[in-house]
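Engineer: Each step along the sequence shown adds one to the number in UniProt numbering, with nothing skipped, and position 186 is 186.
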Amino acid sequence: MNCKPAPYSTDQKAVIERESSNYNEKITIQMAESGSVNRKVRIYCDGIYDLFHQGHARQMMQAKNIFPKCEVYLIVGCCNDEMTHAKKGVTVLRDTERYEAIRHCRYVDEVLKDAPWIITEKFLHENKIDFVAQDSSPYVSDGNDIYKMVKDKNMFIPTQRTDGISTSDILKRIIKNHDIYVHRNLMRGISAKEMNISILTEKRIQMMEKCAQLRQNFTQIFHLVSSYFGSGTKLQITTDIDEKLIDTTMIDIDRH
Numbered sequence: 001m002n003c004k005p006a007p008y009s010t011d012q013k014a015v016i017e018r019e020s021s022n023y024n025e026k027i028t029i030q031m032a033e034s035g036s037v038n039r040k041v042r043i044y045c046d047g048i049y050d051l052f053h054q055g056h057a058r059q060m061m062q063a064k065n066i067f068p069k070c071e072v073y074l075i076v077g078c079c080n081d082e083m084t085h086a087k088k089g090v091t092v093l094r095d096t097e098r099y100e101a102i103r104h105c106r107y108v109d110e111v112l113k114d115a116p117w118i119i120t121e122k123f124l125h126e127n128k129i130d131f132v133a134q135d136s137s138p139y140v141s142d143g144n145d146i147y148k149m150v151k152d153k154n155m156f157i158p159t160q161r162t163d164g165i166s167t168s169d170i171l172k173r174i175i176k177n178h179d180i181y182v183h184r185n186l187m188r189g190i191s192a193k194e195m196n197i198s199i200l201t202e203k204r205i206q207m208m209e210k211c212a213q214l215r216q217n218f219t220q221i222f223h224l225v226s227s228y229f230g231s232g233t234k235l236q237i238t239t240d241i242d243e244k245l246i247d248t249t250m251i252d253i254d255r256h
């Protein structure tokens, strides 16, 4: 089986698919649920899809399988950077990266780049969209639900959010464990400048790493000392070594 990523809406494969769909044959929710249709049901869902995760994939899976008695053709729209940054804020991934992530989701049949923030009747007609799938929570822009028009036309299909995962949650984890990830990257040779952190932060993390390494190296010595001389001697030697460890680490950092 020759598996390929989903085409963009401007690709020939998607254009042929769109042109072959008889949009004059209007499909209602009742028709789609009963399977009494003569063509593919074209469903559209949209979003930002930054840091593509299983919650995004599950939304697309729900949309793809919403009408089990029909063949569903799933179009996924993704807003570009200019639109997203103006309306929602800065993303981690660029729009081209977000488009590519969506293309490789198995449930997607077509990716529409530069998706509009608010769906219009013209947009629905141009892309021959039968239904729009999105979670039922109102998405408000300038005080209005951006899906109001499709809801009023009975073309809105609600999907369920996946609990416990979102792009915001992922970002919170990264921020919460900031030092851990900075430390990991420093150990991999990525410079402070590349990560946009101060030299002071870099040295602090290096000091913590040096202390951890030295403590680990001395652990076996502590056990040996304890077995030969008793716990009291171990405590004194541990204290002496800890003081030397800190002094040695500070000298090493000063040299940098």
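Every residue gets a Cβ at the ideal spot worked out from N, C-alpha and C, and that includes glycine.
If you're wondering where the values come from, they're calculated on a predicted model, not measured in any experiment.
So, for Arg255: in the same chain, excluding its five sequence neighbours on each side, which residues have a beta-carbon less than 8 Å away from its beta-carbon?
Structural biologist: Caution applies to Arg255, whose pLDDT of 41 falls short of 50 and renders its modelled position unreliable; the model cannot decide the point.
Engineer: Using C-beta distances below 6 Å, list every residue in its chain close to Val72, excluding the 5 sequence neighbours before and after it, in chain order.
Structural biologist: Val41, Ile43 and Lys64
Engineer: Where does Gln160 fall in DSSP's three states?
Structural biologist: coil
Engineer: Taking the straight line between their C-alpha atoms, what separation do you get for Ser136 and Cys3?
Structural biologist: Cα to Cα, Ser136 sits roughly 33 Å from Cys3.
Engineer: Between the segment 19-26 and the segment 49-67, do three or more beta carbon pairs fall short of 8 Å?
Structural biologist: Verdict: no, contact absent.
Engineer: Kindly list the residues whose CB is nearer than 8 Å to the CB of Ala192, restricted to its own chain and excluding five residues on each side of it in sequence; keep chain order.
Structural biologist: Leu186, Ser198, Ile199, Thr201 and Glu202
Engineer: Please report how far the alpha carbon of Asp46 lies from the alpha carbon of Asp179, in whole angstroms.
Structural biologist: Cα to Cα, Asp46 sits roughly 34 Å from Asp179.
Engineer: Determine, using beta carbons only, whether Ala115 and Gly89 come nearer to each other than 8 Å.
Structural biologist: Here Ala115 is not near Gly89, since their CB atoms are 8 Å or more apart.
Engineer: At the level of alpha carbons, what is the spacing between Val111 and Gln59?
Structural biologist: 15 Å
Engineer: Which residues mark the beginning and the end of the beta strand (DSSP E) in which Leu74 is found?
Structural biologist: Val72 to Cys78
Engineer: Assign Glu17 to buried or exposed, taking buried as 16 or more other Cβ atoms, counted over all protein chains shown, within 10 Å of its Cβ.
Structural biologist: Buried is the call here.
Engineer: Between Ile157 and the rest of its own chain, which residues show a CB-CB distance below 6 Å, the 5 nearest in sequence each way excluded?
Structural biologist: Ile66, Phe131 and Ala133
Engineer: Please state whether DSSP places Cys45 in a helix, a strand or coil.
Structural biologist: strand
Engineer: Nearest to Ile118 by CA position, among Glu97, Ile146, Ile75 and Tyr139, is which residue?
Structural biologist: Answer by Cα proximity: Ile146.
Engineer: Compare the Cα-Cα distances from Arg98 to each of Asp109, His85 and Lys113 and report the closest residue.
Structural biologist: Of the residues Asp109, His85 and Lys113, the one whose Cα lies closest to the Cα of Arg98 is Lys113.
Engineer: Would you list, in sequence order, the uninterrupted beta strand (DSSP E) runs of no fewer than 3 residues that lie entirely inside the segment 109-152?
Structural biologist: You should have 110-112 and 131-135.
Engineer: From Pro5 to Arg215, what does the alpha carbon distance come to, in whole angstroms?
Structural biologist: 50 Å
Engineer: Is the Cβ-Cβ distance between Ile27 and Val37 less than 8 Å?
Structural biologist: yes
Engineer: Which runs of the alpha helix (DSSP H) at least 4 residues long sit entirely within the segment 177-203? Give them in chain order.
Structural biologist: 178-187 and 192-195
Engineer: On the criterion of 16 or more Cβ atoms from any shown chain inside 10 Å, does Met155 qualify as buried, or is it exposed?
Structural biologist: By the Cβ neighbour-count rule, Met155 is buried, with 16 or more other Cβ atoms within 10 Å of its own.
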